[in-house]
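Notes to accompany the following structure.
Residue numbers (this note's numbering): 5 to 199.
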């Protein structure tokens, strides 16, 4: 039986020019929503029917540019993640593609860091299509350089972080493969866009 989440959000981002016409934007949003409908079907085929609340979020923004805190997407995630405050509820965010939300570290932090321990990502990508699960709390450990992604060093780094307490010494603390993979894609996107 698969893990059940209280909230599931399917996200697709389009990378179009910010000066796009209304008609072009409408066409892009339609394409994004169509892709999310397909992703949801595949998700339920893989993990079973969604028992909690679910919704789609589509937006147009280049993945490597910082999302403004006043953007619709920032407000959307602030409202949704606030539902996790002072609860044991969990959220699944399903992204279309490795950079389906953002490839900007500060933007990702703004959207997810505060509730990272209650959020899991599933990335729908590759050919053939597959889901990759990302532990968001571990992802921020990587960003904060609390752990490293370099094979045998990863286990050593996890063991050396005694200030993290018993969590890092437990079996569950081992960095999930897909989390490391997401981190590599994320940092590759950031490096490719650097001047």
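Built from N, CA and C at the ideal position, the CB exists for glycine as well.
When we look at the beta-carbon of residue i and count the other beta-carbons within 10 Å, is it buried (16 or more) or exposed?
{"i": "residue 151", "result": "buried"}
{"i": "residue 127", "result": "buried"}
{"i": "residue 97", "result": "buried"}
{"i": "residue 107", "result": "buried"}
{"i": "residue 167", "result": "Reliability fails at residue 167, whose pLDDT of 42 lies under 50, so the model's placement of it is uncertain and the value that follows must be treated cautiously. Exposed, because fewer than 16 other Cβ atoms sit within 10 Å of the Cβ of residue 167."}
{"i": "residue 74", "result": "exposed"}
{"i": "residue 183", "result": "buried"}
{"i": "residue 25", "result": "exposed"}
{"i": "residue 188", "result": "exposed"}
{"i": "residue 45", "result": "exposed"}
{"i": "residue 59", "result": "exposed"}
{"i": "residue 38", "result": "exposed"}
{"i": "residue 133", "result": "exposed"}
{"i": "residue 23", "result": "exposed"}
{"i": "residue 42", "result": "exposed"}
{"i": "residue 47", "result": "buried"}
What are the start and end residues of the alpha helix (DSSP H) that includes residue i?
{"i": "residue 83", "result": "76-86"}
{"i": "residue 23", "result": "It is not in any alpha helix (DSSP H) - residue 23 carries neither H nor E in the DSSP assignment."}
If I follow the unbroken beta strand (DSSP E) through residue i, where does it start and stop?
{"i": "residue 61", "result": "57-64"}
{"i": "residue 107", "result": "That residue, residue 107, is in no beta strand (DSSP E); it is neither H nor E in DSSP."}
{"i": "residue 140", "result": "Not the beta strand (DSSP E): residue 140 falls in the alpha helix (DSSP H), residues 140-147."}
{"i": "residue 125", "result": "123-129"}
From the DSSP output, in three-state form, read off residue i for me.
{"i": "residue 96", "result": "strand"}
{"i": "residue 12", "result": "strand"}
{"i": "residue 167", "result": "Any reading at residue 167 must be qualified, since the residue scores a pLDDT of 42, below 50, and its modelled position is unreliable; the value itself is stated next. In the structure shown, residue 167 sits in a helix (DSSP, three-state: H, G or I)."}
I want to see whether chain D comes within less than 8 Å of residue i, judged by CB atoms only; does it?
{"i": "residue 190", "result": "Reference to chain D is not applicable here, since this structure consists of a single protein chain."}
How many whole angstroms separate the CB atoms of residue i and residue j, which I take to be in contact at a CB cut-off of 8 Å?
{"i": "residue 136", "j": "residue 186", "result": "7 Å"}
{"i": "residue 112", "j": "residue 78", "result": "Actually they are not in contact, since the Cβ atoms of residue 112 and residue 78 sit about 11 Å apart, beyond 8 Å."}
{"i": "residue 93", "j": "residue 10", "result": "4 Å"}
{"i": "residue 56", "j": "residue 8", "result": "7 Å"}
{"i": "residue 64", "j": "residue 29", "result": "6 Å"}
Validate contact between the segment 15-32 and the segment 101-115 using beta carbons, cut 8 Å, 3 pairs: yes
Under 8 Å, with one C-beta from each stretch per pair, do the segment 106-125 and the segment 79-97 reach the 3-pair mark? yes
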